[in-house]
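*Asks:*
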Amino acid sequence: MVAFEHPHAHGALAPTAHLELPFFDDAHRALANGLVDWARAQRVDETDDRVACKAWVKRLGADGWLRYCVAAEHGGALPTLDSRALVILRETLAYHSPLADFAFAMQGLGSGAISLAGTPEQQARYLPAVARGEKIAAFALSEPDAGSDVAAMATQANETAEGWTLNGSKTWISNGGIADFYLVFAKTDLDAGARGISAFVVDATAPGLDSSEHIHVMAPHPLATLRFNDCAVPANALVGPLHGGFKLAMQTLDIFRASVAAAALGMARRAFAEAVVHAKQRKMFGQTLADFQLTQAKLGEMCALIDASALLTYRAAWLRDRSSTQGAGTPAYTAAAASAKLTATENAQRVIDMALQMFGGRGVQVGQTIEHLYRDIRSLRIYEGASEVQLLILGKHALRA
Ligand SMILES: Cc1cc2nc3c(=O)[nH]c(=O)nc-3n(C[C@H](O)[C@H](O)[C@H](O)COP(=O)(O)OP(=O)(O)OC[C@H]3O[C@@H](n4cnc5c(N)ncnc54)[C@H](O)[C@@H]3O)c2cc1C
2 MVAFEHPHAH
12 GALAPTAHLE
22 LPFFDDAHRA
32 LANGLVDWAR
42 AQRVDETDDR
52 VACKAWVKRL
62 GADGWLRYCV
72 AAEHGGALPT
82 LDSRALVILR
92 ETLAYHSPLA
102 DFAFAMQGLG
112 SGAISLAGTP
122 EQQARYLPAV
132 ARGEKIAAFA
142 LSEPDAGSDV
152 AAMATQANET
162 AEGWTLNGSK
172 TWISNGGIAD
182 FYLVFAKTDL
192 DAGARGISAF
202 VVDATAPGLD
212 SSEHIHVMAP
222 HPLATLRFND
232 CAVPANALVG
242 PLHGGFKLAM
252 QTLDIFRASV
262 AAAALGMARR
272 AFAEAVVHAK
282 QRKMFGQTLA
292 DFQLTQAKLG
302 EMCALIDASA
312 LLTYRAAWLR
322 DRSSTQGAGT
332 PAYTAAAASA
342 KLTATENAQR
352 VIDMALQMFG
362 GRGVQVGQTI
372 EHLYRDIRSL
382 RIYEGASEVQ
392 LLILGKHALR
402 A
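Once you know that position 342 of the sequence shown is 343 in the numbering used here, the rest is easy, because the numbers rise by one and skip nothing.
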C-alpha cells in the first residue's frame, strides 16, 4: 500500500477550501498551498508501518515540514509553536496519508515537554534534531493500569547518586521501538498522586529500557510496550520541575489536542471527496448513485458534519494562538479544544462510515482508500483523551461558568 493516490483533490473538495476564513492569515494560506503540492507528490510504501514511519519522518524533516514542531530558536519555522499551522499541517497530511500525519504529530508531541520546560542544554540536544527528522520522538504516559486515569501510574523514578533509576512499564507508546528518545512520566513521590509525577527524557539506548514488545493495531501505527528494569538515566534527564510532570503532560497534550481534531477532519474530508467521485461514477437503475435524493441527503449530512468539525477545530487553534491571557491554558481554550476533539473525531467516524456505505462491497475491500480510512479513524476517539473524557471536561466547564 502506498500513501493514498489522490486524483480528485481539487476545487471545493480540496483540503484548503476553508483557508479564507478569518482564523487564518496569508502565512497560513501559503503554508497550506505549498504543503498540498508536496503531499500530492509523495509516494511512500506503507506495507511495513515501522519502515514507513521512519521514511515519513526523514522526508518531512528533509523538506522542512517538521520545523513547525519546534520554535525558531531551536531550528523551527516560527517564533513559537503555532496551533493554526499545526492544524493545517495535520489536516492536509491526514487527507493524503494518516501515517504521514502520525509521523508528523509524534515529533511535536514527543518533544513538546522539552520545548515547554526543557533546559537550554536539553533543547539544544533534542529539538533541532527533531526538526530535521534526525531524531524520532515519543511520549510515554500511559500504562497497563493507567490510561484515562493518568495519576494512577505505577512507574517509579528513584534518585541515586548519579541520577535516576526508572522501574515499571508504559504501554500503547507510539513510535515505541523506533524512537530515538522517549519523554517518560514517572512517580517521584508515591503518596502525592498527580502532584508526585515527574518527566524524564530517556534515550532509546538507555541501559534497562526494553522496547521490543510491539503492539499491532487495526491501522498502520508503530506501537510498543516499554519496560524499565533499573533503567539508569543521568540527573540532567529530568525535564521541568521535580513533581511537575503531570502539569507538563497536560500542557503538552493541550497544545496538540486541536491538532488531533484536525487529523480527523482531514480524514473526513478525504472520505467525502472519495464518496462524491464514486457517487457520480457509479451507475445503477439507469442513473448514477449521485442522482438519488437519498445520496444527496447523505452528502449534505456529511458536509454539515465536516463544516461543524472544521469551524470548531480552527476556533480552538485560533484561541490557543492568542495571547497567553486569553489563549493557551485558559479554561475557555481547554473547553474549545475538548469540543473540537470530541466533535471532529466523532463526526469523522460518521462521515467515513457513510462514505464507505456508498461504496457497497468495494468499501470493505482491503486496500481501498475508504476501507483504510475506516480503520485509521477509530483510535482517534480513544487517544489523547477519549470522547468521554472530553465530554466530562465540557460538562465541568459548563457547571463552572
Ligand atoms: C493508537 C494509539 C496510540 C497511542 N499512543 C500513545 C502514546 O504515544 N503515548 C501514550 O502515553 N499513550 C498512548 N496511547 C494510549 C491512550 O492515550 C490510551 O489508550 C487512552 O488514554 C485510554 O486509556 P486506556 O486505553 O487505558 O483506556 P481506559 O482508561 O481503560 O478507558 C476505557 C474507556 O473508558 C471510557 N472512559 C474513560 N474515562 C471515563 C469516565 N470518566 N467515565 C466514563 N467512561 C470513561 C472511555 O470510553 C475509554 O475509551 C495510544 C493509544 C492508541 C489506541
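By construction, the Cβ of each residue, glycine as well, lies at the ideal position given by its N, Cα and C atoms.
Buried or exposed: where does Glu385 fall if 16 or more other Cβ atoms within 10 Å of its Cβ makes it buried?
*Replies:* When all chains shown are included, Glu385 counts as buried.
*Asks:* Determine, using beta carbons only, whether Arg379 and Ala264 come nearer to each other than 8 Å.
*Replies:* Contact flag unset, no.
*Asks:* Taking the Cβ atom as the reference point for each residue, do Asp86 and Pro80 lie within a distance shorter than 8 Å?
*Replies:* Looking at the sequence itself, residue 86 is Ala, so the reference to Asp does not match. Contact flag unset, no.
*Asks:* Using alpha carbons as the reference points, say which of Gln369, Cys54 and Lys342 lies closest to Leu393.
*Replies:* Closest by alpha carbon: Lys342.
*Asks:* Within a Cβ cutoff of 6 Å, which residues of the same chain sit near Leu20, ignoring the five residues on either side of it in sequence?
*Replies:* Correct list, in chain order: Arg30 and Ala33.
*Asks:* Go through its chain and collect everything with a Cβ distance to Thr434's Cβ below 7 Å, but skip five positions before and after it.
*Replies:* The chain is shown only over 2 to 402; residue 434 falls outside these bounds and no answer can be derived.
*Asks:* His373 to Glu163, Cα distance in whole Å?
*Replies:* His373 and Glu163: Cα-Cα distance of roughly 48 Å.
*Asks:* Consider the Cβ of Leu20: report whether some Cβ of chain B lies at a distance smaller than 8 Å.
*Replies:* Included in the structure is just one protein chain, with no chain B present.
*Asks:* Hey, would you say the C-beta of Gly148 is under 7 Å away from at least one heavy atom of ligand 1?
*Replies:* Yes, ligand 1 has a heavy atom inside 7 Å of this Cβ.
*Asks:* Does DSSP put Ala220 in a helix, in a strand, or in coil?
*Replies:* Residue state, collapsed to three classes: coil.
*Asks:* Which of the three DSSP states, helix, strand or coil, is assigned to Glu21?
*Replies:* In this structure, Glu21 counts as coil in the three-state DSSP scheme.
*Asks:* Measuring alpha carbon to alpha carbon, tell me which of Ile383, Arg363, Thr314 and Asp308 ends up nearest Val352.
*Replies:* Ranking Ile383, Arg363, Thr314 and Asp308 by Cα distance to Val352 puts Asp308 first.
*Asks:* Is it the case that the CB of Ala139 approaches a heavy atom of ligand 1 more closely than 7 Å?
*Replies:* Yes, since a heavy atom of ligand 1 falls inside the 7 Å radius drawn around the Cβ of Ala139.
*Asks:* Taking all protein chains shown into account, decide if His217 is buried (16 or more other Cβ within 10 angstroms of its Cβ) or exposed.
*Replies:* Flag for His217 reads exposed.
*Asks:* Quick one, which of Ser112, Gly245 and Ala291 has its alpha-carbon nearest Asp204's?
*Replies:* Comparing Cα-Cα distances from Asp204 to each of Ser112, Gly245 and Ala291, the minimum goes to Ser112.
*Asks:* Quick check: what's the CA-CA separation for Lys248 versus Val185?
*Replies:* Rounded to the nearest angstrom, the two C-alpha atoms are 14 Å apart.
*Asks:* Using only the alpha-carbon positions, how far apart do His11 and Ala236 sit?
*Replies:* With a pLDDT of 47 at His11, under the threshold of 50, the modelled position of that residue is not reliable, and no figure is offered here.
*Asks:* In the structure shown, what three-state DSSP assignment does Leu394 receive?
*Replies:* Reading the sequence as shown, one finds Ile at residue 394 and not Leu. Three-state DSSP puts Ile394 in a helix.
*Asks:* Using CA atoms only, rank isn't needed, just tell me which of Ala402, Leu400 and Ile383 is closest to Ser149.
*Replies:* Nearest C-alpha to Ser149: Ile383.
*Asks:* Three or more beta-carbon pairs under 8 Å between the stretch 334 to 350 and the stretch 312 to 322, yes or no?
*Replies:* Yes, since at least three Cβ pairs between the stretch 334 to 350 and the stretch 312 to 322 fall closer than 8 Å, the two stretches touch.
*Asks:* Return yes when the C-beta of Glu275 is under 7 Å from any heavy atom of ligand 2, and no when it is not.
*Replies:* Annotation note on ligand 2: not contained in the displayed structure, which lists ligand 1 as its ligands.
*Asks:* Check the C-beta distance from Asp26 over to Leu100 and give it rounded, since I have them as a contact under 8 Å.
*Replies:* Not quite, the Cβ-Cβ distance comes to about 29 Å (not below 8 Å), so this is no contact.
*Asks:* So, is Glu144 buried or exposed, given that buried needs 16 or more other C-beta atoms within 10 angstroms?
*Replies:* Answer is buried; the Cβ neighbour count reaches 16.
*Asks:* Could you give the DSSP three-state label for Arg228: helix, strand or coil?
*Replies:* In the structure shown, Arg228 sits in a strand (DSSP, three-state: E or B).
*Asks:* In the DSSP assignment, find the alpha helix (DSSP H) that holds Tyr375 and state where it starts and stops.
*Replies:* From DSSP, the alpha helix (DSSP H) with Tyr375 extends over Thr370 to Asp377.
*Asks:* At the level of alpha carbons, what is the spacing between Gly301 and His279?
*Replies:* Their backbone Cα atoms lie some 15 Å apart in a straight line.
*Asks:* Which of the three DSSP states is assigned to Gly178 in this structure?
*Replies:* Gly178: coil per DSSP, three-state reduction.
*Asks:* Taking the continuous alpha helix (DSSP H) assigned at Ile89, which residues delimit it?
*Replies:* Where Ile89 is concerned, the enclosing alpha helix (DSSP H) stretches over Ser84 to His97.
*Asks:* Is His222 a contact residue of ligand 1, with contact defined as CB to any heavy atom under 7 Å?
*Replies:* Yes; taking the cut-off as 7 Å, the Cβ of His222 has a heavy atom of ligand 1 nearer than that.
*Asks:* Looking at ligand 1, does it come within less than 7 Å of Trp173, judged from the CB to the closest heavy atom?
*Replies:* Under cutoff, so the answer is yes.
*Asks:* Measuring CB atoms only, is the stretch 274 to 294 touching the stretch 254 to 261, in the sense that at least three cross pairs come out at less than 8 Å?
*Replies:* No: fewer than three Cβ pairs fall under 8 Å.
*Asks:* Could you check the C-alpha separation between Ala78 and Ala56 for me, to the nearest Å?
*Replies:* Each residue's Cα considered, the two are about 21 Å apart.
*Asks:* Could you tell me the alpha carbon to alpha carbon distance between Lys299 and Met355, rounded to whole angstroms?
*Replies:* One C-alpha to the other measures close to 7 Å.
*Asks:* What number of angstroms, rounded off, separates the C-alpha of Ala42 from the C-alpha of Ser175?
*Replies:* Computed Cα separation, rounded: 26 Å.
*Asks:* Can you tell me whether Gln297 is buried or exposed? The criterion is at least 16 other CB atoms within 10 Å of its CB, across all chains shown.
*Replies:* The residue is exposed, with fewer than 16 neighbouring Cβ atoms inside 10 Å.
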